[in-house]
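So for the sequence shown, full-length UniProt numbering puts the first residue at 1; every next one is plus one.
The C-beta atom is built at its ideal place from N, Cα and C for all residues, glycine as well.
Below you'll find the structure, written out as structure tokens, and then a few comments.
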Amino acid sequence: MVAECEAEHGWAQTRWYETRSDDAGRAAAEHALAAAPAVVMAAGGDGTVRVVAEVMQGTGIPVALVPLCTGNLLARDVGAPLNDIAACVSAAFAGEDRPVDVGVAELEDVSGARRSHTFMVMAGIGLDAEMAESTSTIATRPTGRFGWARIGTRLTLQGLARRSPLSRRLLQQTPDLHALAYVQGTRFEARFDAPHLIELDGDSFGHITRVRVSVRPGALHIRVPVQTIVVEKSTTARLRPSRP
Numbered sequence: 001m002v003a004e005c006e007a008e009h010g011w012a013q014t015r016w017y018e019t020r021s022d023d024a025g026r027a028a029a030e031h032a033l034a035a036a037p038a039v040v041m042a043a044g045g046d047g048t049v050r051v052v053a054e055v056m057q058g059t060g061i062p063v064a065l066v067p068l069c070t071g072n073l074l075a076r077d078v079g080a081p082l083n084d085i086a087a088c089v090s091a092a093f094a095g096e097d098r099p100v101d102v103g104v105a106e107l108e109d110v111s112g113a114r115r116s117h118t119f120m121v122m123a124g125i126g127l128d129a130e131m132a133e134s135t136s137t138i139a140t141r142p143t144g145r146f147g148w149a150r151i152g153t154r155l156t157l158q159g160l161a162r163r164s165p166l167s168r169r170l171l172q173q174t175p176d177l178h179a180l181a182y183v184q185g186t187r188f189e190a191r192f193d194a195p196h197l198i199e200l201d202g203d204s205f206g207h208i209t210r211v212r213v214s215v216r217p218g219a220l221h222i223r224v225p226v227q228t229i230v231v232e233k234s235t236t237a238r239l240r241p242s243r244p
């Protein structure tokens, strides 16, 4: 399939770099970057896409997504073909580039050690991160967007999110309960008295006591299929000024 697209579009032979069980793709992406590629194809799930983006951001080299797992959050957001590997591969050779923002999370744990990671779709603390942490004990990660509902139900049964008839009645009788605050920005910082779990793009990154989150606008270029716009034929009328 790849060789056919190479020949069709006049590209040189593709180089292949494999991921490892202990590395979702960072080393492979670094080796690919060292070879000065025209485009990098990230074949895998959200974890692979995240680490490849971490390496490729700011380079100007586009990343083509070949979603092979169940979540595929970024692929869904940018409109990459799902369950169609041939279309994804074709887009890598003949698609168009779309700049996307990259999130950066600077994490600090209880020992004071700091580390920085990127994320492409979401970062979560609390119940959201508990959901990501609990997937490590499940054979298959949640499928698609609605797969997380199944994990949420499991957490409720485990006691992480308590549910009772009384709590349901209270919530139903308080429609104006403002349990969440929605804000927008390009930089946030949060500190915690007790360590909290954090997740990035659905992967758990352990317990932290402090996090700084920022956005790098357009730092990564994603190669997607060319968008075809169909314009329906219509009858047009030209108006001429009337003669005196």
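Checklist line | Span separating the alpha-carbon of residue 111 from that of residue 208 | finding: Here residue 111 corresponds to residue number 111 of the sequence shown, with the count starting at 1. Here residue 208 corresponds to residue number 208 of the sequence shown, with the count starting at 1. Between residue 111 and residue 208, the C-alpha separation is close to 9 Å.
Check: When burial is assigned at 16 or more other CB atoms within 10 Å of the CB, is residue 255 buried or exposed?
Finding: This structure gives no information on residue 255, because the portion of the chain shown stretches from 1 to 244.
Check: Using DSSP with H/G/I as helix, E/B as strand and the rest coil, what is residue 21?
Finding: The residue labelled residue 21 in the question sits at position 21 within the sequence shown. Coil.
Checklist line | Per DSSP, the bridge partner or partners of residue 99 | finding: By one-based count along the sequence shown, residue 99 stands at place 99. Paired residue(s): 221.
Next item on the list: With DSSP as the reference, label residue 118 as helix, strand or coil.
Entry: Locating residue 118 in the sequence shown gives position 118, where the first residue counts as 1. Strand.
Notebook entry, point to check: What are the uninterrupted segments assigned as alpha helix (DSSP H) that are 4 or more residues long and contained completely in the UniProt domain "DAGKc" (1–109), given in chain order?
Noted result: 2–9, 26–34, 46–56, 73–78, 85–94
Notebook entry, point to check: With a Cβ-Cβ cutoff of 7 Å, do residue 91 and residue 225 count as a contact?
Noted result: Counting from 1 along the sequence shown, the entry for residue 91 is found at position 91. Counting from 1 along the sequence shown, the entry for residue 225 is found at position 225. Yes, the pair counts as a contact, with Cβ atoms nearer than the cut-off.
Next item on the list: Note down the Cα distance separating residue 190 from residue 182, rounded to an integer number of angstroms.
Entry: On the sequence shown, position 190 is the one that residue 190 refers to. On the sequence shown, position 182 is the one that residue 182 refers to. Cα to Cα, residue 190 sits roughly 15 Å from residue 182.
Next item on the list: Could you give the DSSP three-state label for residue 201: helix, strand or coil?
Entry: Locating residue 201 in the sequence shown gives position 201, where the first residue counts as 1. Coil at residue 201, not helix or strand.
Margin query: Checking the sheet assignment: what are the DSSP bridge partners for residue 123?
Written below: Along the sequence shown, read from residue 1 onward, the residue named residue 123 stands at position 123. BP columns for residue 123 point to 200.
Margin query: Which of the three DSSP states is assigned to residue 190 in this structure?
Written below: Translated into positions along the sequence shown, residue 190 becomes position 190. Residue state, collapsed to three classes: strand.
Next item on the list: Pick helix, strand or coil for residue 134, following the three-state DSSP scheme.
Entry: For this step, residue 134 is matched to residue 134 along the sequence shown. In the structure shown, residue 134 sits in a helix (DSSP, three-state: H, G or I).
Notebook entry, point to check: Are residue 79 and residue 223 close, meaning C-beta to C-beta below 7 Å?
Noted result: Start at 1 with the first residue of the sequence shown, and residue 79 comes out as number 79. Start at 1 with the first residue of the sequence shown, and residue 223 comes out as number 223. No, Cβ-Cβ distance for residue 79 and residue 223 is not below 7 Å.
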